[in-house]
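Numbering (mature numbering (1 follows the signal peptide of the UniProt record, and there is no 0)), first residue to last: -34 to -1, 1 to 539.
Beta carbons are placed, not taken as given, at the ideal position from N, Cα and C, and that holds for glycine.
So the structure is just underneath, and the comments pick up after that.
And the structure:
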């Protein structure tokens, strides 16, 4: 296995070897070419070109192969030189290097940093990173990446020196489907504009509305589950059910739209399918096509149907925006404090209302904010429910304790917004699941303005910083020797639950000024759904993990794989 190097010696040694190999191949290729010419009986045929037609299946192919090999080697040698230059910029930080970022692990070329590599990076950092801070440098031909998980250094990145760090433009522009959003704006000044308009979208008005929607959506899921339980004691959970629930909540609490998941709302189904196309196809096209060729992107968008999907989503959201704006302008909407109707309490409607007075965002930016914020919440909560189900299904004592608290607080009724603070153990389980299984493993920042320092290290301008959430959440200096155990009781004190959200040891929603604006939405949604689930059903892990373990996939979010859970109805319900 190719081992990491903490200095540039490996590059220095390998560069002459690449040059020597290149020379040998060129020399051998030339000799083969000369031998073919010598075998020709008629030099006149060679000079007239007739020889090439008779020998093209040998000599020309050999020449092409040699040329391709030389080009590959030249590129490799150039990459080695670029890596060497990058390593020299950050020699003081222990680390390694690789040639490229890849979808899969490629020995030597992409051995560490690739899709689904978060847990691999943890092992590499533990072994080869800075012993004191666990800071680690990875040098690529075009940049240096520095992984940071030390709480004091994270505070510098997210608070005290946040003005020095901006999001890398190419990575976040992919998400600007309708326009810039609070997630994708690159600098703090632009972010403030979006924050001012987006904040009302996560006010108590929206959170109360979301809690009602979550409870009603759970009941729709339970109708489906009860049908599956007819004539049997249990059935195997389809984790896609959790995505259905959070998508339904997304549509109603995010856009004020029924996505047709539990109904036959054709317009909602069309909107949902269009959103799915944008998420699964358009973002990839923007990454691999649009970033390289603006001219080719429309052709690919037409071929994969993302242009139509964008149009459907845009027109649907425009209808909601215009309808809500008309109501506000005519002063026919209900007041925010009215309990008679929840109309206009979804995120998009509240954004429209806030923007009427501020006039800071255009309609494209309004759509983009509602779209990104709602989708981010959907992915986070869906993944959270999967991990919580896994942990409580293998720990009957945790599940029983959850049930007892829910019964004590709710006494058989549905949870509400006002119950959130009372359901302490439910929230402890959720916080521990977010610690042990953070949905997002890394936050990418970029030193954009000037050289700076992080802790004891000098960081040159242009260095990419990865705030490594996964590593921060599993450091023994943050969480003690039981760091690798699922233990909700580590959050039993209200003081602890509050402290960890500000000391940069628990950062599933990032931290500082640009902490995820929807974090409260996600926590409350998770609380409502988990309370409903344990109130009515019992979960049992079917995996024998000694031979059939539950895995992890971290390509987009950190999700469990091969999860097999039996669901049965609680007899006491």
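Tell me the rounded alpha-carbon separation between residue i and residue j.
i	j	result
residue 346	residue 180	15 Å
residue 406	residue 243	22 Å
residue 524	residue 468	23 Å
residue -30	residue 351	Because residue -30 sits at a pLDDT of 46, beneath the cut-off of 50, its placement in the model cannot be relied upon, and the point is left open.
residue 90	residue 78	8 Å
residue 487	residue 42	48 Å
residue 280	residue 240	10 Å
residue 433	residue 462	22 Å
residue 193	residue 115	47 Å
residue 219	residue 148	18 Å
residue 408	residue 436	7 Å
residue 442	residue 222	44 Å
residue 184	residue 355	15 Å
residue 152	residue 83	26 Å
residue 287	residue 313	11 Å
residue 411	residue 134	7 Å
residue 473	residue 32	52 Å
residue 203	residue 529	9 Å
residue 285	residue 293	12 Å
residue 327	residue 283	15 Å
residue 526	residue 520	9 Å
residue 88	residue 323	47 Å
residue 93	residue 100	9 Å
residue 541	residue 270	No answer is possible for residue 541: the residues shown for the chain start at -34 and end at 539.
residue 262	residue 201	48 Å
residue 121	residue 454	25 Å
residue 6	residue 260	Legend: pLDDT at residue 6 = 48, less than 50; position of this residue unreliable, no value from coordinates given.
residue 449	residue 518	18 Å
residue 353	residue 536	21 Å
residue 385	residue 379	11 Å
residue 198	residue 190	14 Å
residue 253	residue 143	12 Å
Would residue i pass as a contact of residue j if the rule is Cβ separation under 8 Å?
i	j	result
residue 424	residue 58	yes
residue 497	residue 381	yes
residue 589	residue 119	A query on residue 589 cannot be resolved here, the shown segment of the chain reaching from -34 to 539 and no further.
residue 533	residue 503	yes
residue 109	residue 428	yes
residue 173	residue 337	no
residue 493	residue 339	no
residue 359	residue 505	yes
residue 176	residue 490	yes
residue 278	residue 237	yes
residue 228	residue 195	no
residue 215	residue 226	no
residue 501	residue 392	no
residue 394	residue 458	yes
residue 49	residue 107	yes
So with Cβ pairs under 8 Å, would you call residue i a contact of chain D?
i	result
residue 167	Reference to chain D is not applicable here, since this structure consists of a single protein chain.
My guess is that residue i and residue j are in contact by the Cβ rule of under 8 Å, so how many angstroms apart are they, rounded?
i	j	result
residue 28	residue 61	About 41 Å separates the two Cβ atoms, so there is no contact after all.
residue 67	residue 80	7 Å
residue 245	residue 341	7 Å
residue 112	residue 431	5 Å
residue 117	residue 471	5 Å
residue 211	residue 495	7 Å
residue 213	residue 344	6 Å
residue 95	residue 85	Not a contact, Cβ separation roughly 15 Å.
residue 452	residue 357	5 Å
residue 55	residue 426	5 Å
Is residue i near the ligand ATP, judged by its Cβ being under 7 Å from some heavy atom?
i	result
residue 535	With respect to the ligand ATP, the structure shown offers nothing to examine, as it has no ligands at all.
Checklist entry - Taking three-plus beta-carbon pairs below 8 Å as touching, is the segment 396 to 408 in contact with the segment 122 to 129? => result no
Next on the checklist: Taking contact to mean 3 or more Cβ pairs, one atom from each stretch, closer than 8 Å, check whether the segment 157 to 177 and the segment 324 to 337 are in contact.
Outcome noted: yes
Next on the checklist: Does the segment 449 to 469 come into contact with the segment 502 to 516, if we say contact requires no fewer than three beta-carbon pairs (one atom in each stretch) closer than 8 Å?
Outcome noted: no
Checklist entry - At which residue ranges does the segment 206 to 238 contain complete alpha helix (DSSP H) runs of 4 or more residues, listed in the order of the chain? => result 206 to 215
Checklist entry - Are the segment 362 to 374 and the segment 243 to 252 touching by the rule of at least three beta carbon pairs closer than 8 Å? => result no
Item to check | Meets three-Cβ-pair contact criterion under 8 Å: the segment 164 to 180 and the segment 311 to 321 | outcome: yes
Next on the checklist: Going residue by residue through the segment 351 to 414, where are the continuous beta strand (DSSP E) segments of at least 3 residues, counting only ones entirely within it?
Outcome noted: 408 to 413
Next on the checklist: Going residue by residue through the segment 141 to 200, where are the continuous alpha helix (DSSP H) segments of at least 4 residues, counting only ones entirely within it?
Outcome noted: 154 to 164 and 170 to 194
Next on the checklist: Runs of 4 residues minimum, wholly inside the segment 451 to 482: which ones carry the alpha helix (DSSP H) assignment?
Outcome noted: 460 to 465
Checklist entry - Hey, which unbroken runs of the beta strand (DSSP E) at 3 residues or more fall wholly within the segment 416 to 453? => result 418 to 420, 423 to 425 and 430 to 434
Next on the checklist: So within the segment 103 to 131, which uninterrupted alpha helix (DSSP H) runs reach at least 4 residues, ignoring any that extend past its ends?
Outcome noted: 117 to 121
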